[in-house]
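First the structure, in the form of structure tokens, and then the observations on it.
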Amino acid sequence: MQLDGAQALVTGAGSGIGRALSMELARRGTRLILLGRNGAALEDTRQRLPDPTAAHVLSLDLGDSKARRGIADHVTALYGGLDLLVNNAGVVDAAPLADQDEDAWRRMLEINLLAPMAITRQLLPLLQASGQGRVVNVGSMFGDIAFPFFAAYSASKFGLRGWSEALRREAADLGVGVTYCAPRGTRTPAAEGFAGYAEAFRMRLDAPERVARRIVDGIVRDARDVYPRGPERLFLMIQRLFPAQVDKGVIRQMRSALADVRMTSASWSKLS
1 MQLDGAQALV TGAGSGIGRA LSMELARRGT RLILLGRNGA ALEDTRQRLP
51 DPTAAHVLSL DLGDSKARRG IADHVTALYG GLDLLVNNAG VVDAAPLADQ
101 DEDAWRRMLE INLLAPMAIT RQLLPLLQAS GQGRVVNVGS MFGDIAFPFF
151 AAYSASKFGL RGWSEALRRE AADLGVGVTY CAPRGTRTPA AEGFAGYAEA
201 FRMRLDAPER VARRIVDGIV RDARDVYPRG PERLFLMIQR LFPAQVDKGV
251 IRQMRSALAD VRMTSASWSK LS
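Residues in the sequence shown are numbered consecutively from 1, following this note's numbering.
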């Protein structure tokens, strides 16, 4: 995909991977619409770009289905078309399943899965008209390998991965490509909410700038998917071939993590 002069919408652009993606795309000549809930954070991102005048801010809550309905009209009014949609916005709530309420589940499913589906459906005609349209869905390694205490989050990301696969096949004859990205843990404000779990499970966290560069490199080469390099790829293969062994390994890791923090079933919430 040619990024210089392209027009892109990035969701969740106010911080973390979304901000880093916006900056990387802008460095490669892309004109941007920065979408998210926090208008001040979006404006901060815009001011950090090489040319702030080549970006617009669109503030709305992606968890509000009514607020999402006018996105295509905003894009058309600002640029008249769209070449690239980056569905990056996401939320995570990590806790034992018994301790999570249904509102937390619904919020994750709404923002991590239903919002990308709804936005993409709106913008698909514009992407089709582009001639090089592409949808980029930013998922997670937890969409391939589910960890304890991340059950609902994993469900949302497994769903995003499956939907991306189906959309790729459905949109092929429309001339619209689909790239699914599965970064591992990343040092973002969202990660602060599960810092205790990350430490207990000894998760490696990447810098958002590094993640963004890999994703944008994947966009340029029209990649089908973008996964981390290193042991994660081997782990994915083992998961697919020997899932029962992965079950045993993750359960052992969970028990070790719980022992490390002297945590009983009555005190699980201390890690959340």
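Idealized CB from N, CA, C, for every residue including glycine.
Best match in I111, L49, V176, L35 for proximity to V75 [C-alpha to C-alpha]
Locating residue 75 in the sequence shown gives position 75, counting from the first residue. Measuring from the Cα of V75, the nearest candidate turns out to be L35.
If you compare alpha carbons, which of R221, P183, A244 is closest to P231?
Locating residue 231 in the sequence shown gives position 231, counting from the first residue. Closest by alpha carbon: P183.
Contact check, I145 vs F235, beta carbons under 8 angstroms
As a first step, residue 145 is located in the sequence shown; it is residue number 145 there, counting from the start. As a first step, residue 235 is located in the sequence shown; it is residue number 235 there, counting from the start. The answer is yes: Cβ separation under 8 angstroms.
Hey, out of Q100, I119, A129, G70, whose CA is closest to V136's CA?
Taking the sequence shown and counting its residues from 1, one reaches residue 136 at position 136. Among Q100, I119, A129, G70, the Cα nearest to that of V136 is on I119.
Hey, out of G12, R27, R252, whose CA is closest to A306's CA?
Examination of residue 306 is not possible in this model, given that the chain is present from 1 through 272 alone.
Contact under 8 angstroms by Cβ, L160 with L113:
Here residue 160 corresponds to residue number 160 of the sequence shown, with the count starting at 1. Here residue 113 corresponds to residue number 113 of the sequence shown, with the count starting at 1. Taking a C-beta distance under 8 angstroms as the contact criterion, L160 and L113 qualify as a contact pair.
Where G249 and K157 are concerned, what is the direct C-alpha to C-alpha distance, given to the nearest angstrom?
To locate residue 249, count along the sequence shown from 1; it is residue 249. To locate residue 157, count along the sequence shown from 1; it is residue 157. Those two C-alpha atoms are separated by around 21 angstroms.
Is G16 helix, strand or coil when you go by DSSP?
Position 16 of the sequence shown holds residue 16. If DSSP states are grouped into helix, strand and coil, G16 belongs with the helices.
Specify the secondary structure class of Q100 as computed by DSSP and reduced to three states.
In the sequence shown, counting from the first residue as 1, residue 100 sits at position 100. In the structure shown, Q100 falls within a coil segment according to DSSP collapsed to helix, strand and coil.
Here's a check: name, in chain order, each residue in its chain whose Cβ is nearer than 8 angstroms to the Cβ of T186, leaving out the five neighbours to either side.
Counting from one through the sequence shown, the residue named residue 186 turns up at place 186. Excluding sequence neighbours, T186 sits near G16, I17, L205, D206, A207, P208, V211.
Ends of the alpha helix (DSSP H) at L160?
Stepping through the sequence shown from its first residue, residue 160 is reached at position 160. L160 -> alpha helix (DSSP H) spans 151-171.
Exposed or buried, which one is I71 when buried takes at least 16 other CB atoms within 10 Å?
Working through the sequence shown from its first residue, we reach residue 71 at position 71. Classification for I71: buried.
Does E24 pass the burial test, meaning 16 or more other C-beta atoms within 10 Å, or should it be called exposed?
What you label residue 24 is simply residue 24 of the sequence shown in a count that begins at 1. So E24 counts as buried.
Could you compute how far the alpha carbon of L32 sits from the alpha carbon of Q239?
Stepping through the sequence shown from its first residue, residue 32 is reached at position 32. Stepping through the sequence shown from its first residue, residue 239 is reached at position 239. The alpha-carbon atoms of L32 and Q239 are separated by roughly 37 angstroms.
In whole angstroms, what separates the C-alpha of E43 from that of G14?
Here residue 43 refers to the residue found at position 43 when the sequence shown is read from its first residue. Here residue 14 refers to the residue found at position 14 when the sequence shown is read from its first residue. Straight-line measurement puts the Cα of G14 at about 8 angstroms from the Cα of E43.
For A172 and A151, what's the separation of their Cα atoms in angstroms?
Taking the sequence shown and counting its residues from 1, the one referred to as residue 172 is at position 172. Taking the sequence shown and counting its residues from 1, the one referred to as residue 151 is at position 151. Roughly 32 angstroms separates the two Cα atoms.
DSSP three-state assignment for Y227, whether helix, strand or coil
Working through the sequence shown from its first residue, we reach residue 227 at position 227. In the structure shown, Y227 sits in coil (DSSP, three-state: anything other than H, G, I, E or B).
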